[in-house]
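Since the structure comes first, as C-alpha cells, the remarks are kept for the end.
2 protein chains.
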Amino acid sequence: MGINGGIVKSRRTEIIEAAERLFRDKGYLATTMRDIAAETKLQGGGSLYAHIKGKEDLLWEIATEAIDGFFAAVYPITTQDLPPDQKLREAIIAHIEVISTRLSAAAVYFDEWRHLTQPRRDQFLARRDEYEQLFELLIRAGSQQGVFVVPDERLATLHVLGAMNAVRHWYKPDGRLNAHQLADGIATMLLNGLQGR
Amino acid sequence: MGINGGIVKSRRTEIIEAAERLFRDKGYLATTMRDIAAETKLQGGGSLYAHIKGKEDLLWEIATEAIDGFFAAVYPITTQDLPPDQKLREAIIAHIEVISTRLSAAAVYFDEWRHLTQPRRDQFLARRDEYEQLFELLIRAGSQQGVFVVPDERLATLHVLGAMNAVRHWYKPDGRLNAHQLADGIATMLLNGLQGR
DNA sequence: GTCTATATAATGATAGAC
DNA sequence: GTCTATCATTATATAGAC
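For the record, the sequence lines run as chains L and B.
Per my numbering, residue 1 is the first one in the first sequence, and the count goes up by one each step.
Per my numbering, residue 1001 is the first one in the second sequence, and the count goes up by one each step.
Below, the structure is given as C-alpha cells:
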C-alpha cells in the first residue's frame, strides 16, 4: 500500500479495473492488451507487462475476487438463526446487490470465466458450485419444513439462481429503480413463487 | 431442395449446424473457420466459402432464424381468447421449450449476437425487443385486471424473461427432468410469484 | 466443390533503450 | 516503469489447380 493511506489506486489496480470494464463491454476475447493499455493511458501494450503477468491472469484475478465478494456478502446470512424463508430473502437481496454494484466483475463471474484454461477453469467452477450450494441448502431446508412448496427442489434452486443472475443483463445503475428496490422486488416475486398456494 | 424430398441435409445446412454447435460450446470469437470445416469433414477452411459468404453471415443467419423460432412458438398464444395468466403460462412453457430443443441457436440468440457488427446488431436488438414486448403486454394486462399483483410491471417482465432464459445455462437434454416438466415447473413458480398473496 | 497455398491483418508477449 | 519496435502465432479470406 506504500506511503499513502491506500487512497490512491495503484497502477495495477487501475489496470485490473480497466480490464474488468472491457471484458464486460466487449468480452474477454474481443478485448486486446492494447485496449487495456489505452484505457489506462499507457501508450503500447508492452508497458502492461511490468504490472501483470499476462491477459489470462487478469481474468483469473477478477474471477476469483468476484467469488470472494459473493461469499462475503451471503455466507454470514446463511449462518444466522432465522427461518429459511427469511434467510433466503436476505440472501437473494445480498446476492443481487453484489451484482448491481459490481456489474463488470459479475460479467466475468457469469460469462467470461469460460475462457480460463485448465486447471483454473475447473477450480473456478468448483468454487462457484460451493457458493451455489448455499442457496440450495436454504431451499431444501425450507421445502422440508413445509415453508416452501416447490415442484422440485433442484429445479427451484436453479430457478432462483437463474432469476437473480439475470439481473446482470439489464440492470443500469442510473435506472428508475435503485439496486435495493430491485433486489427487494425480485426477492418478493421469487419467494412468492416458492410458497405455492 | 433438389431431387431428394428434403431429407438429406445440404452441405450448407450442415455448415450452419456445425457453426451453431461450436458457437455455443466455445463462443463465436473462439470458433475458427477451420473448426467449422473440421466438423463438416472439409479439409481446409477454404472450402467453406463455396457455401457461405463469411463467418459473420453464419452468426446472422443463426440469430435471425432463432428469433423466428421464438415468434412462431409464442405469438399465436398471445392472440388466443384466454385470460392473461393462462396465456402467460402457455407462453412461458412454449418459450422454454424452444430454448431446450434449440440450445445452440439459443446461445447465439442470447449471448453471441453481440459480435454482430452494425447495422445488423441494432436490427437484431430491435426485433428481440419486439418479441419481448409480447411478454410485457401479457404481464401488464394481467396486472391491470388484478390477476397479477406485482411490485412493478416492468420489473416483473424482466424477471420473467430472465428466469426463462436462464434455462439455457444449465439444461441438459438427458437430464432428470424432460423439457416439458421443467418448463411446467418454472411456469408454476413464476406465475405464483406474480400472483402475490 | 474441394483442395493447398498464401495474402493480409491482428494478436499476446518480449527485447532493449531511456 | 514506460516507451518503441518487433517476434511468433494465428485468424479470415482469397487464388488458382484439379
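Virtual Cβ for every residue (Gly too), placed ideally from N, Cα, C.
Bear in mind the structure is a predicted one, so any value in this text is a computation, not a measurement.
Exercise for review: Below 6 angstroms CB to CB, which residues in the same chain sit around W113/L once its five sequence neighbours on both sides are set aside?
Suggested key: The count along the first sequence starts at 1 and reaches residue 113/L at position 113. Correct list, in chain order: A63, F124.
Review point. Any idea what DSSP makes of I16/L, helix, strand or coil?
Key: Your numbering for residue 16/L matches position 16 in the first sequence. Helix.
Review point. Chain L partners of D1152/B, CB-CB under 9 angstroms?
Key: Residue mapping note: residue 1152/B aligns to position 152 of the second sequence, counting from 1. Per Cβ cutoff of 9 angstroms: R176, L177, Q181, L182, G185.
Check your understanding: What are the boundary residues of the alpha helix (DSSP H) that includes I1139/B?
Key -> Residue 1139/B sits at position 139 when you count from the first residue of the second sequence. Note, I1139/B: alpha helix (DSSP H), 1120–1144.
Exercise for review: Could you tell me whether the Cβ atoms of F1070/B and V1098/B are closer together than 8 angstroms?
Suggested key: Working through the second sequence from its first residue, we reach residue 1070/B at position 70. Working through the second sequence from its first residue, we reach residue 1098/B at position 98. Yes, the pair counts as a contact, with Cβ atoms nearer than the cut-off.
**Study point:** I1036/B, enclosing alpha helix (DSSP H) - first and last residue
**Key:** The residue you call residue 1036/B lines up with position 36 of the second sequence. 1033–1039 is the extent of the alpha helix (DSSP H) around I1036/B.
**Study point:** Chain-ordered neighbours of L82/L on chain B, where CB pairs are closer than 8 angstroms
**Key:** Counting from one through the first sequence, the residue named residue 82/L turns up at place 82. Those do not exist, as L82/L stays about 20 angstroms from chain B at its closest Cβ, beyond 8 angstroms.
Point to revise | Reduced DSSP category for I1186/B - H, G, I as helix; E, B as strand; rest coil | key: Start at 1 with the first residue of the second sequence, and residue 1186/B comes out as number 186. Here I1186/B sits in helix by DSSP.
Review point. What first and last residue would you give for the alpha helix (DSSP H) that runs through A1106/B?
Key: Indexing the second sequence from 1 puts residue 1106/B at position 106. Taken as a continuous stretch (DSSP letters only), the alpha helix (DSSP H) holding A1106/B covers 1103–1110.
Practice item. Would you verify that the beta carbon of T157/L is, or is not, closer than 8 angstroms to some beta carbon of chain B? Key: On the first sequence, position 157 is the one that residue 157/L refers to. T157/L does not count as touching chain B.
Check your understanding: Would T1188/B count as contacting chain L if we go by Cβ distances under 8 angstroms?
Key -> As a position in the second sequence, residue 1188/B is number 188, starting the count at 1. With 8 angstroms as the cut-off, T1188/B counts as an interface residue toward chain L.
Review point. Cβ atoms of L1177/B and L1116/B: under 8 angstroms apart, would you say?
Key: As a position in the second sequence, residue 1116/B is number 116, starting the count at 1. As a position in the second sequence, residue 1177/B is number 177, starting the count at 1. Contact check for L1116/B against L1177/B fails: the beta carbons are separated by 8 angstroms or more.
Review point. Hey, out of K1041/B, Q1181/B, V1149/B, D1057/B, whose CA is closest to Q1118/B's CA?
Key: As a first step, residue 1118/B is located in the second sequence; it is residue number 118 there, counting from the start. Considering only alpha carbons, the answer is D1057/B.
Check your understanding: Where do the N-terminal and C-terminal ends of the alpha helix (DSSP H) with N1178/B fall, by residue?
Key -> On the second sequence, position 178 is the one that residue 1178/B refers to. Secondary structure note for N1178/B: it is in no alpha helix (DSSP H), with a DSSP letter that is neither H nor E.
Point to revise | T117/L in three-state terms, based on DSSP | key: Walking along the first sequence from the start, residue 117/L turns up at place 117. T117/L: coil per DSSP, three-state reduction.
Point to revise | Same chain only: Cβ atoms within 6 angstroms of E1136/B, ignoring 5 sequence neighbours per side | key: For the purposes of this step, residue 1136/B is taken as residue 136 along the second sequence, with counting starting at 1. Cβ neighbours of E1136/B beyond the five flanking positions: T1157.
Point to revise | Length of the line joining the Cα atoms of I93/L and R1012/B | key: By 1-based counting over the first sequence, the position of residue 93/L is 93. By 1-based counting over the second sequence, the position of residue 1012/B is 12. Distance from the CA atom of I93/L to the CA atom of R1012/B, rounded to whole angstroms, is 48 angstroms.
Point to revise | Where Y167/L falls: helix, strand or coil (DSSP) | key: The residue given as residue 167/L occupies position 167 in the first sequence. According to the sequence provided, residue 167/L is Val. The question's Tyr does not apply to it. In the structure shown, V167/L adopts helical secondary structure according to DSSP, grouped into three states.
Practice item. Give a yes or no on whether the minimum CB-CB distance between H95/L and chain B is below 8 angstroms. Key: Position 95 of the first sequence holds residue 95/L. Interface annotation, H95/L: not in contact with chain B, CB-CB separation never under 8 angstroms.
Review point. What separation, rounded to the nearest whole angstrom, lies between the Cα atoms of T1078/B and W170/L?
Key: As a first step, residue 1078/B must be located in the second sequence, where it is residue number 78. As a first step, residue 170/L must be located in the first sequence, where it is residue number 170. Going by the C-alpha atoms only, they are around 24 angstroms apart.
Check your understanding: Just to confirm, are A1166/B and G162/L a CB contact at a threshold of 8 angstroms?
Key -> Locating residue 1166/B in the second sequence gives position 166, counting from the first residue. Locating residue 162/L in the first sequence gives position 162, counting from the first residue. Result yes, Cβ atoms of A1166/B and G162/L sit closer than 8 angstroms.
**Study point:** Contact check, N192/L vs G1146/B, beta carbons under 8 angstroms
**Key:** Residue 192/L sits at position 192 when you count from the first residue of the first sequence. Residue 1146/B sits at position 146 when you count from the first residue of the second sequence. In this structure, G1146/B does not lie closer than 8 angstroms to N192/L by Cβ.
**Study point:** Start and end residues, alpha helix (DSSP H) containing R1076/B
**Key:** Taking the second sequence and counting its residues from 1, one reaches residue 1076/B at position 76. Residue identity differs from the one stated: residue 1076/B is Pro in this sequence, not Arg. Unbroken alpha helix (DSSP H) run through P1076/B: 1055–1078.
Practice item. Report the three-state DSSP secondary structure of R11/L (helix, strand or coil). Key: The residue labelled residue 11/L in the question sits at position 11 within the first sequence. In the structure shown, R11/L sits in a helix (DSSP, three-state: H, G or I).
**Study point:** Alpha-carbon to alpha-carbon, E1017/B and D1174/B
**Key:** As a first step, residue 1174/B is located in the second sequence; it is residue number 174 there, counting from the start. As a first step, residue 1017/B is located in the second sequence; it is residue number 17 there, counting from the start. Just so you know, the alpha carbons of D1174/B and E1017/B end up roughly 20 angstroms apart.
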